[in-house]
Amino acid sequence: MKSEITISELAKLMNVSVHQLRYFEEKGVLQPAYTGNNQYRMYSIDQVYQLAHILLLRRLGVPVQSIKECMTSYSADQYRKLLHHSLREVDAEMQRLKELHQFINKVLHEQESFSLHPNQYQIKWRDTSYFTRWIEMDSHTKLNATLLVGQAERVPNLFESDIHYLYESNTVTLYLETQATGDFSLPEGNYLSIQCLDNEDDELEHMIEQFYDYAAGQSYVIAGPLILIEKSYLSLFSQSKLHYELQALIEPTANSERNDRQ
DNA sequence: GTTCTCACA
DNA sequence: TGTGAGCA
1 MKSEITISEL AKLMNVSVHQ LRYFEEKGVL QPAYTGNNQY RMYSIDQVYQ
51 LAHILLLRRL GVPVQSIKEC MTSYSADQYR KLLHHSLREV DAEMQRLKEL
101 HQFINKVLHE QESFSLHPNQ YQIKWRDTSY FTRWIEMDSH TKLNATLLVG
151 QAERVPNLFE SDIHYLYESN TVTLYLETQA TGDFSLPEGN YLSIQCLDNE
201 DDELEHMIEQ FYDYAAGQSY VIAGPLILIE KSYLSLFSQS KLHYELQALI
251 EPTANSERND RQ
């Protein structure tokens, strides 16, 4: 009985594609034991072990081009370094996935919150939060792409963030939340809040008027600047209509204490 | 069933 | 760094 196997048998055995095996050969990392008269590649047990070695290195992130060098000349020490390097890459990937996981959860929760209370005033408790200043502009200026490119520092994952617009007298300042103490902080407390969808500019001004009217009607005392929070990631759910939330800190009252501090 | 080559992501 | 299609 013949001790060599064909390319498709090797591919099946090692769970790779036939194409991939020929690609490895082209790059000089895996030669067949011999080539038959019919030009078929034949592989022995030696190539099975070699291939296992190659696939392990690939899993560790070694480019195919470098695998030949690894297999012929790497010392134990070099392999240790390689493994440590791979370990750091895996850690970074795990961190990336963890952040993605958190983001997905956040989107789900925000969307649920929005669909439960669309256009409804609520009192929400906020813990102290910290921000870095991102863009400052005239309150009548409209945010546009040029402004983003020209004036703004590049922000990673900008449209996955809650962008906080702070309205104070004639300026509006855009802030991004940070973990550590930043340029600005919002104190913990109860915030009057309403979530709304894709308001045109004048409609937004109307919403803001309504917001203050409602607060006055309910005898809430606004104790801080008006904050507009843009949650562009929620547009996923509404054909690119933008989601906003208006918030303002209100002074503690008997009512709000009872409702939200239980 | 396998080889080779070209186009493609 | 591979994959898919077409051909011999």
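For what it's worth, full-length UniProt numbering labels the leading residue of the first sequence as 1, then goes sequentially.
A virtual CB, placed ideally from N, CA and C, is assigned to each residue, including glycine.
The structure displayed is predicted, hence computed values, not measured ones.
Are residue i and residue j closer than 9 angstroms when you measure CB to CB?
{"i": "S139", "j": "T178", "result": "no"}
{"i": "Q195", "j": "N119", "result": "yes"}
{"i": "V48", "j": "L10", "result": "yes"}
{"i": "L87", "j": "Y74", "result": "no"}
{"i": "T6", "j": "Y43", "result": "yes"}
{"i": "S232", "j": "F159", "result": "yes"}
{"i": "E188", "j": "R126", "result": "yes"}
{"i": "Q111", "j": "F237", "result": "yes"}
{"i": "L234", "j": "V107", "result": "yes"}
{"i": "T181", "j": "E136", "result": "no"}
{"i": "L246", "j": "F211", "result": "yes"}
{"i": "L147", "j": "T141", "result": "yes"}
Spatial neighbours of residue i within its chain, please: C-beta separation below 6 angstroms, excluding the five flanking residues on both sides.
{"i": "E251", "result": "V221, A223"}
{"i": "Y214", "result": "Y121"}
{"i": "K124", "result": "Y191, S193"}
{"i": "L186", "result": "S129"}
{"i": "I67", "result": "V29, I54, L57"}
{"i": "R261", "result": "With a pLDDT of 42 at R261, under the threshold of 50, the modelled position of this residue cannot be trusted; read the value that follows with caution. Cβ within range, chain order: n/a, list empty."}
{"i": "R258", "result": "With a pLDDT of only 46 at R258, under the threshold of 50, the placement of this residue in the model should not be trusted; the figure read from the coordinates follows. For R258, where only same-chain residues beyond five positions count, there are no Cβ hits under 6 angstroms."}
Excluding sequence positions up to five away, which residues of its chain have a Cβ less than 7 angstroms from the Cβ of residue i?
{"i": "Y175", "result": "F131, T132, R133, W134, H164, L166, F184"}
Check each candidate in the options and name the one with the smallest Cα separation from residue i.
{"i": "G28", "options": "V64, L97, H85, T141", "result": "V64"}
{"i": "Q31", "options": "R22, L143, A145", "result": "R22"}
{"i": "Y244", "options": "E203, D127, E4", "result": "E203"}
{"i": "S169", "options": "E4, K81, E112, P225", "result": "P225"}
{"i": "S8", "options": "L158, R80, H19", "result": "H19"}
{"i": "L228", "options": "I208, K241, S238, L236", "result": "I208"}
{"i": "Q239", "options": "T35, L197, Y43, L87", "result": "L197"}
{"i": "residue 268", "options": "L143, A92, R59", "result": "Given a span of 1 to 262 for the chain in the structure shown, any question on residue 268 remains unanswerable."}
{"i": "residue 264", "options": "Y40, Q102, S17, A76", "result": "In the structure displayed, the chain extends from 1 to 262; residue 264 sits before or after that span and is not available."}
Pull the bridge partners of residue i from the DSSP assignment, please.
{"i": "N190", "result": "W125"}
{"i": "T181", "result": "None, per the DSSP bridge assignment."}
{"i": "Q218", "result": "None, per the DSSP bridge assignment."}
{"i": "R41", "result": "T35"}
{"i": "L174", "result": "I135, Y165"}
{"i": "Y130", "result": "T178, S185"}
{"i": "E245", "result": "Q195, I229"}
Leaving out five residues before and five after residue i in sequence, what residues of the same chain have Cβ atoms less than 8 angstroms from its Cβ?
{"i": "V155", "result": "W134, S161, L176"}
{"i": "residue 297", "result": "In the structure as shown, the chain begins at 1 and stops at 262. Residue 297 is therefore absent and cannot be evaluated."}
{"i": "S3", "result": "S44, I45"}
{"i": "E89", "result": "G61"}
Could you please give the first and the last residue of the uninterrupted alpha helix (DSSP H) stretch that includes residue i?
{"i": "Q65", "result": "64 to 73"}
{"i": "H101", "result": "76 to 116"}
{"i": "Q20", "result": "18 to 26"}
{"i": "I250", "result": "Taken as a continuous stretch (DSSP letters only), I250 belongs to no alpha helix (DSSP H), as it is neither H nor E."}
{"i": "K2", "result": "First-last for K2: undefined, no H or E at that position."}
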